[in-house]
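See structure below.
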Amino acid sequence: MPRLHGLASALALLLATGPASAADTSSDAPAAAATPDLASIRAQIKVEDYKAAIAALQPLADQGSKDPDVYNLLGFSLRKSGDRKTAQTFYEKALAIDPNHKGALEYQGELFIENGDLPKAQQNLAALVKLCPQGCEEREDLEKALAQAAKSK
Numbered sequence: 045m046p047r048l049h050g051l052a053s054a055l056a057l058l059l060a061t062g063p064a065s066a067a068d069t070s071s072d073a074p075a076a077a078a079t080p081d082l083a084s085i086r087a088q089i090k091v092e093d094y095k096a097a098i099a100a101l102q103p104l105a106d107q108g109s110k111d112p113d114v115y116n117l118l119g120f121s122l123r124k125s126g127d128r129k130t131a132q133t134f135y136e137k138a139l140a141i142d143p144n145h146k147g148a149l150e151y152q153g154e155l156f157i158e159n160g161d162l163p164k165a166q167q168n169l170a171a172l173v174k175l176c177p178q179g180c181e182e183r184e185d186l187e188k189a190l191a192q193a194a195k196s197k
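Per this note's numbering: the sequence shown ends with 197, consecutive numbering throughout.
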């Protein structure tokens, strides 16, 4: 009988620790909810369905998302749709949340190039050089865009 008592105590201990683990995972849920799943929106952008991407991103921005990717992708979609002025405000929001957001620095730099403001694009490139001393896709893309703009002059 003492052996059963020991098993019962062990089982009680296991059951007692089970809900604690569950509580730990549920505490992660709000953090996960704060970061929206943007995969379907990225897929829309990839096929250049900017209107659908804007429609999906705008409510997230209106709700005050703290995810810089929401604002960066919204800025990108707006820029590609021809609304450069509004795109700039969303790039600024993304960079206000994360001043080192490589995507926002690249896309804002491309917007500066489209607007003929090469010095500001160079500033964004300088920031990317610091963030990616060994190179990264965002840095390389902005370097190419600046080189192309220089050839066009």
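Where is the CB? At the ideal position from N, CA and C, for every residue including glycine.
I need the straight-line Cα distance from residue i to residue j, nearest angstrom please.
i    : j    : result
A66  : K174 : For A66, the predicted model reports a pLDDT of 30, less than 50, meaning its position is unreliable; a value from the coordinates is still stated below. Between A66 and K174, the C-alpha separation is close to 41 Å.
L155 : G126 : 11 Å
N159 : L186 : 14 Å
P177 : A105 : 32 Å
K137 : H145 : 11 Å
N184 : Q107 : Sequence inspection shows Glu at residue 184; the Asn mentioned does not correspond to that position. For E184 and Q107, the distance between alpha carbons rounds to 33 Å.
L190 : C180 : 16 Å
Y135 : G119 : 6 Å
Q192 : I157 : 10 Å
Considering residue i, what are the terminal residues of the alpha helix (DSSP H) in which it resides?
i    : result
K124 : P112 to K124
V173 : L162 to L175
L149 : K146 to E158
S109 : Note, S109: premise wrong, no alpha helix (DSSP H); not H, not E.
Here's a check: name, in chain order, each residue in its chain whose Cβ is nearer than 8 Å to the Cβ of residue i, leaving out the five neighbours to either side.
i    : result
S70  : Note on S70: pLDDT 25, under 50, position unreliable in the model; the coordinate value appears next. Nothing listed; no residue qualifies.
L139 : P112, H145, A148, L149 and Q152
Taking 6 Å as the limit between beta carbons, can you name the residues of its chain near residue i, skipping five residues before and five after?
i    : result
T130 : L122
Who are the Cβ neighbours of residue i in its own chain at under 7 Å, not counting the five residues just before and after it?
i   : result
A97 : I85, Q88, I89, L117 and S121
Open item on the list: Check whether the region 149-168 and the region 98-113 touch, using three or more Cβ-Cβ pairs below 8 Å as the test.
Closed with: Because the criterion of three Cβ pairs below 8 Å is not met, the region 149-168 and the region 98-113 do not touch.
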